[in-house]
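Below is one structure, written out as structure tokens; comments come after it.
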Amino acid sequence: MGDLDFPDVLDGVTLSRTLPPLLPAKFISRHALVESIDMSAPGTTLIHGPIGYGKTSLAAEIARQNDGHTFWYTMVDEDTAHKFNLHVIQAVRNVIPGFAAWFKPDLHIDPMDLIVKFSSELASLKDDYIFIVDNRRSKHAKDFAVANQMVKSLPNNLHLIQVRRELPDASHAELAPFGNFQNIGQTELKFSTDEMKTMISLSDLEGEAKQVLEILEATQGWPAAVQLILRG
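Numbered according to the working numbering, the sequence shown terminates at residue 233, and the numbering increases by one at each position without gaps.
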């Protein structure tokens, strides 16, 4: 995040999973897409699509543009309820040192209860924040239903961004019981023609721009395919 003077890392936490990933040097900004998302709090944004659609990169760009106000947590299949709690608190303490002083590494608390206490404490702060949960869990893994609990407990100063591979089987009211809601799917995540032209320029292929663009257009904007072709 902004400065590198992080608080002590809680035992059991993988620090990298509580920090936004670094963007590559020749990363193409999705500025227009980022600007189209209403980050006001309270609110919920769902970013979903198959592997290779740039979901995490988009979320990382959002985090970069909201440095100092964004919590990040990458959730994986191996996360138990206790590991979930540890990483959520670490994610916030990376930005707000000393947050949730009542939480200790050996404290075992139900994730639902943790989210309620977390939300209550965050609501007492004056600033607005964004919490990005990059959910890497497979569709077969058991969820704690904490995402819905987090939405239901959402304080007025938090915007929740969920990054998922699949669209949750839930109604609009369940996904966003209050506050603004945005759904960013495959259609929005695809590269536009203008974005592909920019990527061609960044790849120093201007001399072959027309031919390369014709090839890229055949990918129908699938980000992973576009990047693979340009690297090749």
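Each residue gets a CB set at the ideal place from its N, CA and C atoms; glycine is no exception.
Since the model is a prediction, treat every value here as computed from it, not as a measurement.
CA-CA distance, D9 to D195, rounds to 44 Å. Taking 8 Å as the upper bound for CB-CB distance, N158 and D129 are in contact here, some 5 Å apart.
Nearest C-alpha to R165 among T199, K153, P156, L190: L190. In the structure shown, N136 falls within a strand segment according to DSSP collapsed to helix, strand and coil. Under the DSSP definition of a beta bridge, V164 partners with I48, D135. Taking the Cα positions, I131 is about 10 Å away from D68. With respect to the 7 Å criterion, R31 and L59 are classified as neighbours on the basis of their beta carbons. Here L168 is exposed: its Cβ has fewer than 16 other Cβ atoms, across all protein chains shown, within 10 Å.
Under DSSP, N181 forms a beta bridge with G44.
Relative to the Cα of I52, the nearest Cα in the group R137, F104, K198, E215 belongs to R137. By the Cβ neighbour-count rule, D135 is buried, with 16 or more other Cβ atoms within 10 Å of its own. Membership of T71 in the beta strand (DSSP E) is indicated by the continuous run 71-76. Counting other Cβ atoms within 10 Å of its Cβ, K56 reaches 16 or more and is therefore classed as buried. In the structure shown, L159 falls within a strand segment according to DSSP collapsed to helix, strand and coil.
Judged by beta-carbon spacing, S204 lies within the 7 Å limit of L231, meaning their Cβ atoms are closer than that value.
Straight through space, the alpha carbons of G233 and K211 are spaced by roughly 16 Å.
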